[in-house]
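Reading the sequence shown from the start, the letters are residues 9 to 305 in the numbering used here.
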Amino acid sequence: MFGLIVRFGSNLAIVAVIVSLGGCGFSRVFKRAPVEDRGTAVIQPAPVAAEPSGPIVAQLPGFENAGRPGYYTVKPGDTLIRIGLDHGQSARDIARWNGVDNPNRIEVGQVLRVVPSGALTSNGVLAKPVTSASAAPVAMAPASAVGAEKHASATPSSASSTALPAAAAAGAPADEEIGWIWPTNGVVLGGFDEVKNKGLDIGGTAGDPVLAAADGRVVYVGAGLRGYGNLIILKHNNTYLTAYAHNQTLLVKEDQSVRKGQKIAEMGSSDADRVKLHFEVRRQGKPVDPAKYLPAK
């Protein structure tokens, strides 16, 4: 091993060279830095939680009653007004039976009771007539308003003090006991067709009186049923409803009792192509030909 001292001018540089002697010459020893092979490293993916086998679907109110007699599953475009008309019931009563706080918020797939509690036997047969109790007021803004709802500023005094007929209050009289009358004088413009026209279209002049065809109770007043304009629906017993559409003025209020022949509206053309009264008779919610019930002219 040698140590070398080299002088450069006035500065002394000391260079230490370590040399290992081996054999006939010198060999330099270098210690290589460790090398990490990153190209072949395998990165394990983080564990992934198993996905559920199917989507989680929230059950809608009344789902357990789907398909049972006396219940109805809501379809697209339905409103409580339409459901009530098609089942011969008041929309207010259906809302009350099902605990619906906002009648304009029903969901497709929701299952609703459409008959009073206790009205059906275990076999789904109507046990006996059950009079629909008068319901407390429920907010019933039209679900899909067609036009401005009109109410008369005052109800006729004779109507406001009229009590529900004893026969209607006690139960449902036999069909033949209802003494039907024509709801207005006028020419029949369109007859009954179960698919195209679910009632009679009767012509007239704007402002002509529209009369109750029989004693009953007002279960709907408004413009919330598309295609009917300003509409009144009367419930006569647990079997029959009548509907009076396209009026220009409505003269009664919901839950009011009316007498046969009482003026309930004035004829108009709301949501119609001309002035006319569209009149329907519904038997347990199903449209029937009014001409078979009305007296011959």
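For every residue, glycine included, the Cβ atom is placed at its ideal position computed from N, Cα and C.
Report task. Count the C-beta pairs between the region 232-252 and the region 203-223 that are closer than 8 Å, then say yes if the count reaches three, no if not. Result -> yes
Report task. Given a cut-off of 7 Å, decide if residue 226 and residue 210 are closer than it, judged by their beta-carbon atoms. Result -> Numbered from its first residue, the sequence shown carries residue 210 at position 202. Numbered from its first residue, the sequence shown carries residue 226 at position 218. Their beta carbons are not under 7 Å apart, which means residue 210 does not touch residue 226 by this criterion.
Query - Distance between residue 190 and residue 256 (C-alpha atoms, nearest Å) - result: Along the sequence shown, read from residue 1 onward, the residue named residue 256 stands at position 248. Along the sequence shown, read from residue 1 onward, the residue named residue 190 stands at position 182. One C-alpha to the other measures close to 19 Å.
**Report entry** Burial state of residue 41 (16 or more Cβ within 10 Å)
**Finding:** Looking up residue 41 in the sequence shown gives position 33. Low local confidence applies: a pLDDT of 49 at residue 41 is under 50, so the model's placement there is unreliable, with the coordinate-based value given in what follows. Counting Cβ neighbours within 10 Å, residue 41 comes out exposed, since fewer than 16 surround it.
**Report entry** N-terminal and C-terminal residue of the beta strand (DSSP E) that residue 254 is part of
**Finding:** Here residue 254 corresponds to residue number 246 of the sequence shown, with the count starting at 1. Start and end: 248-258.
Query raised in the report: Terminal residues of the continuous beta strand (DSSP E) containing residue 267?
Result: For this step, residue 267 is matched to residue 259 along the sequence shown. From DSSP, residue 267 is part of no beta strand (DSSP E); its letter is neither H nor E.
Requested in this report: Look at residue 278 and residue 230 and say whether their C-beta atoms are less than 7 Å apart.
Outcome: Counting from one through the sequence shown, the residue named residue 278 turns up at place 270. Counting from one through the sequence shown, the residue named residue 230 turns up at place 222. No, the pair does not count as a contact, with Cβ atoms beyond the cut-off.
Requested in this report: Mind checking which residues open and close the beta strand (DSSP E) that includes residue 240?
Outcome: Looking up residue 240 in the sequence shown gives position 232. 238-243 is the span of the beta strand (DSSP E), which, as asked, contains residue 240.
Query raised in the report: Roughly how many angstroms separate the alpha carbons of residue 187 and residue 288, rounded to a whole number?
Result: Walking along the sequence shown from the start, residue 187 turns up at place 179. Walking along the sequence shown from the start, residue 288 turns up at place 280. Rounded to the nearest angstrom, the two C-alpha atoms are 16 Å apart.
Report task. Compare the beta carbon distance of residue 207 and residue 286 with 7 Å and say whether it is the shorter of the two. Result -> If you number the sequence shown from 1, residue 207 lands on position 199. If you number the sequence shown from 1, residue 286 lands on position 278. Yes.
Report task. Examine the Cβ distances between the region 83-95 and the region 112-126 and report whether three or more of them are shorter than 8 Å. Result -> yes
Query raised in the report: Taking the alpha carbon of residue 193 as the point to measure from, which residue in 105, 262 and 214 has its own alpha carbon closest?
Result: Along the sequence shown, read from residue 1 onward, the residue named residue 193 stands at position 185. Comparing Cα positions, the closest option is 214.
Query - Inter-residue Cα distance where the pair is residue 72 and residue 118 - result: Reading the sequence shown from its first residue, position 64 is the one you call residue 72. Reading the sequence shown from its first residue, position 110 is the one you call residue 118. Their backbone Cα atoms lie some 10 Å apart in a straight line.
Report task. Helix, strand or coil for residue 93, going by three-state DSSP, please let me know. Result -> Residue mapping note: residue 93 aligns to position 85 of the sequence shown, counting from 1. Of the three classes helix, strand and coil, the one that applies to residue 93 here is helix, per DSSP.
Query raised in the report: Buried or exposed: residue 299, going by 16 or more other Cβ atoms within 10 Å of its Cβ?
Result: The residue you call residue 299 lines up with position 291 of the sequence shown. It is exposed - the Cβ of residue 299 has fewer than 16 other Cβ atoms within 10 Å.
Query raised in the report: Applying the criterion that 16 or more other CB atoms from any shown protein chain within 10 Å of the CB defines a buried residue, is residue 245 buried or exposed?
Result: One-based indexing of the sequence shown puts residue 245 at position 237. Buried.
Query - Limits of the alpha helix (DSSP H) - the one that residue 104 falls within - result: If you number the sequence shown from 1, residue 104 lands on position 96. It spans 99-105 - the alpha helix (DSSP H) in which residue 104 sits, taken as one unbroken run.
Query raised in the report: Just curious, the beta strand (DSSP E) that residue 210 is in, first and last residue?
Result: The residue labelled residue 210 in the question sits at position 202 within the sequence shown. From DSSP, the beta strand (DSSP E) with residue 210 extends over 208-211.
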